[in-house]
Amino acid sequence: MRAFGFSIVLLSFILTNPVYGQAPPRANFNLDELIERLFPVQDDDLDYESIYEVLFQLYQNPIDINKADMETLQSTFLLNPLQINEFLQYRAEMGPFLSLYELQAIPGFDQANIESLLPFLTLNPSIKREKSFWKRVSEEEQAYLIFRTRRVWETRRGFTAPDTSSTGRISTRYLGDPNDIYLRWRIQHAKDFSMGMTLDKDPGEKFTWDPKTARYGFNFLSFHLTRYQVGKWKTISLGDFQASFGQGLVFGAGYSLGKGAETVPTVRRSSVGIIPYTAALEFGFFRGIGSTYTHKNWEFSFIGSFAPKDGRLAESLDSLNREEFRISSFNQSGLHRTPSELSTKNQFKELSLGGNIQLKVPNKRLNSGVNFLHTSFDNEWIRDPKPYNQFEFAGKSNQVGSVYLNYNWRNFFLFGETAYSSSGGNGTVLGFISSLSNRLDFSFLWRNYDRNFHSFYGNAFSENTRPINERGTYLGLEFRPNKVWKINAYYDLFKFPWLKYRVYAPSAGHEWLARITYRPTRTLTTLIQFREEQKDRNASDSGEPNLPYLVLPIKRSNGILSLEYQLSKEVFIRSRILWSQVQMDRLRSNGFLILQDFKWDKNRWKFTARYSLFDTDDYDSRLFAFENNVLWTFSIPAFFGQGQRSYLVSEYTVNSQIRLYLRIARTSYTDRERIGSGLQTIEGSTLTESSFLIRYLFHR
82 MRAFGFSIVL
92 LSFILTNPVY
102 GQAPPRANFN
112 LDELIERLFP
122 VQDDDLDYES
132 IYEVLFQLYQ
142 NPIDINKADM
152 ETLQSTFLLN
162 PLQINEFLQY
172 RAEMGPFLSL
182 YELQAIPGFD
192 QANIESLLPF
202 LTLNPSIKRE
212 KSFWKRVSEE
222 EQAYLIFRTR
232 RVWETRRGFT
242 APDTSSTGRI
252 STRYLGDPND
262 IYLRWRIQHA
272 KDFSMGMTLD
282 KDPGEKFTWD
292 PKTARYGFNF
302 LSFHLTRYQV
312 GKWKTISLGD
322 FQASFGQGLV
332 FGAGYSLGKG
342 AETVPTVRRS
352 SVGIIPYTAA
362 LEFGFFRGIG
372 STYTHKNWEF
382 SFIGSFAPKD
392 GRLAESLDSL
402 NREEFRISSF
412 NQSGLHRTPS
422 ELSTKNQFKE
432 LSLGGNIQLK
442 VPNKRLNSGV
452 NFLHTSFDNE
462 WIRDPKPYNQ
472 FEFAGKSNQV
482 GSVYLNYNWR
492 NFFLFGETAY
502 SSSGGNGTVL
512 GFISSLSNRL
522 DFSFLWRNYD
532 RNFHSFYGNA
542 FSENTRPINE
552 RGTYLGLEFR
562 PNKVWKINAY
572 YDLFKFPWLK
582 YRVYAPSAGH
592 EWLARITYRP
602 TRTLTTLIQF
612 REEQKDRNAS
622 DSGEPNLPYL
632 VLPIKRSNGI
642 LSLEYQLSKE
652 VFIRSRILWS
662 QVQMDRLRSN
672 GFLILQDFKW
682 DKNRWKFTAR
692 YSLFDTDDYD
702 SRLFAFENNV
712 LWTFSIPAFF
722 GQGQRSYLVS
732 EYTVNSQIRL
742 YLRIARTSYT
752 DRERIGSGLQ
762 TIEGSTLTES
772 SFLIRYLFHR
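In our numbering, each number is its position in the sequence shown, counted from 1, plus 81.
Encoded structure:
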């Protein structure tokens, strides 16, 4: 009987969705569109490249629909608690899924949910373990090589001939050429293995072979070898990797979605465990070995890492007046273009030892665990004293541990984690996500991070870029009155008990967002969104920091009005207006951006184009806009001043193995004859960028 019913569901789904009847659903997935939906309001506080890479890891390792638990399904950020419960209940009552298209039979799942979820799912992935490991590697079809080069064509000051300053010293210039060169090789099979290597050279860095400075042609080298499901070993990862357990207070995996247009599911972190590191960012990952061992409902993870870190060393005298070195600052930019920047490369070593013990009780839908991480350096870290950094970490070692608990009770996902660092500081996150009805979802999160809570690899939900010196409460909701309307909103109230950079007094603030989406058909989407944020900041004319210090509230408001229309199978257009306003004391500045997108996709060619105009009063009123780029490349530039920007991205499929990408972008300013500052200065009013990428698949 079930087979007959499933056949009817499958037949109706194929007949009403010819696109899926012709191609595998994963072939139609566009990660750029998912990123833009999760982050419609961009700012410079998020590490977008790491977020992009982690979501890409999920896509490259699809979830087995017949083994997925609550925690795994939540990690996609695409389902609400009611849908997850309906999914688990359907599978428990009806047995294993026969096809991915059977999702349509689950109550609460509509076509939009299924379309967004399909790229992250698979059905009983076959792993031919009867063959040897290296045989499986040699026959794997998911093997590719990517080469990308980018550059700015106008000459920046750093690439000009050095001159003599008024003091008689020769000014500094970049050591290398203006090309950005990126090379990635990877081969993987979902839930079996992954191995790869990433090499990167930033503009201005010298392409040279110098083992003393760890430059082997490229300036940055990352590598990994990861095995899955080897006996009772769930994961064994060698090389570069990340880890995510609990709510990110100890192990944050380099990304946190936090606040955005998806106002409900993204406040909760998922324990995705140990995953390979494949980004080109030169910080925020472990280098060594990470492994997870399973026994019944228990998982035991171990992390051992010993890696060089960039930073600046300063000389100091000990109690016997002997010279010794101390770490005065980290360098997380990853740039080594000048002699000064190069002198920070690999200046000290970091040792990390830690682990996780996790309990999963499927029937009771319980997930809990314990985290611990010890970090030590070969030199003492003592910062240059400032009023705001008195409680920041200082010393040669730090320990942080935590306990977390996730529990599914009816349509409530309860979660929490509390951590304690050796400095005496505490960090705590508590919250829940709930489907109050089939139309209304709600989220709540409370966090408290002491001013002396130190977690180097933590990345929990916070208004700050790190979980430190913050208390806050977040409320989010999503309301779907019918199939065509959706309303998202959140309100976040926070305060900072101690001083911050550019805020030399205890401060507080709030932020709220409202977004209305109207989608009457699959081809038409309109939305309007408004966000307001108020924080305190030092008064610009107060001089040097002497307590008590004058701080003033600064209020930022911005909005989006958007229209998207799929004219035909080949043609898509988007029109969007963005505006901003910043008010501090009696000063007010405004920003405005209008853009038009056009996409055409047919046969072997795909073109994406944009033309935009922008006008802002100053840097504070700048606007951000997500841009399409070549494959797996992220771009969210900031627009300030007056001018126009346009770009064209072209894709061409040469054959089943080779695909080419080319992007040309140009910004023309009407309010200046000089762009940038320092060594990044361009004498002129235009900035032209190009990107070229070739992807080669080793198997047809």
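Ideal Cβ positions, reconstructed from N, Cα and C, are used throughout, including at glycine.
Per DSSP, the continuous alpha helix (DSSP H) segment holding R217 begins and ends at 214-220.
For the 9 Å CB-CB criterion, L394 and F411 do not form a contact.
Residues Q328, G329, L330, V510, P548 of the same chain have their beta carbon placed closer than 6 Å to that of A541, with the five preceding and five following residues left out of the count. F178 and Q170 have their C-alpha atoms roughly 12 Å apart.
In this structure, the beta-carbon distance from Y692 to R726 falls below 9 Å.
Taking C-beta atoms as the reference points, E770 and V345 fail to come closer than 9 Å.
DSSP places I654 inside the beta strand (DSSP E), whose first and last residues are 652-665.
Annotated as proximal: E592 and R612, with beta-carbon spacing under 9 Å. The bridge partners DSSP lists for H591 are L574, Q615. Between the stretch 662-676 and the stretch 692-701 there are three or more C-beta pairs closer than 8 Å, enough to call the two in contact.
In the structure shown, S702 adopts coil according to DSSP, grouped into three states. The Cβ-Cβ distance between L454 and S536 falls below 9 Å.
Between Q164 and I187, the C-beta gap is smaller than 9 Å, which places the two residues in contact. Annotation for F168: the continuous alpha helix (DSSP H) segment containing it runs 162-175. Going by C-alpha positions, G392 is about 45 Å away from F493. The alpha-carbon separation between I262 and K430 amounts to approximately 27 Å. Here L302 carries a strand assignment [DSSP, helix/strand/coil].
Closest in C-alpha terms to V652, from the list A620, Q662, F688, comes F688. Note on geometry: alpha-carbon atoms of T294 and R418 lie some 13 Å from one another. Per DSSP, P634 is one residue of the beta strand (DSSP E) stretching across 632-647.
Under the three-state reduction of DSSP, S409 is assigned to strand. Excluding five sequence positions before and after N260, the CB atoms of its chain that fall closer than 7 Å to its own CB belong to T230, R232, P284, given in chain order. Beta-bridge pairing by DSSP links D291 to R296. In the DSSP assignment, P243 falls outside any alpha helix (DSSP H) and carries neither an H nor an E. Per the DSSP secondary-structure output, D191 pairs with nothing in a beta bridge. With contacts defined by Cβ atoms closer than 9 Å, G365 and Q428 do not form a contacting pair.
Non-local C-beta neighbours of T767 in its own chain, meaning closer than 6 Å and more than five positions away in sequence, comprise S749, ordered along the chain. For a cut-off of 8 Å, the C-beta gap from S502 to V481 is around 4 Å, short enough to register as a contact. Listed in chain order, the non-local C-beta contacts of N166 below 7 Å within the same chain comprise N492, local neighbours out to five positions each way being set aside. Around the beta carbon of V584, 16 or more other beta carbons lie within 10 angstroms, which makes this residue buried. Using a C-beta cut-off of 8 Å, the stretch 307-317 makes no contact with the stretch 251-258, since fewer than three inter-stretch Cβ pairs fall below that distance.
Beyond the five residues adjoining it in sequence on each side, D244 comes within less than 7 Å, by CB distance, of S252 in the same chain, given in chain order. Annotation: F720 to N569 spans about 26 Å, alpha carbon to alpha carbon. When rounded, the separation of the alpha-carbon atoms in I227 and R603 is 34 Å. Note on geometry: alpha-carbon atoms of Y374 and G312 lie some 9 Å from one another. Beyond the five residues adjoining it in sequence on each side, L204 comes within less than 6 Å, by CB distance, of I146, L181 in the same chain, given in chain order.
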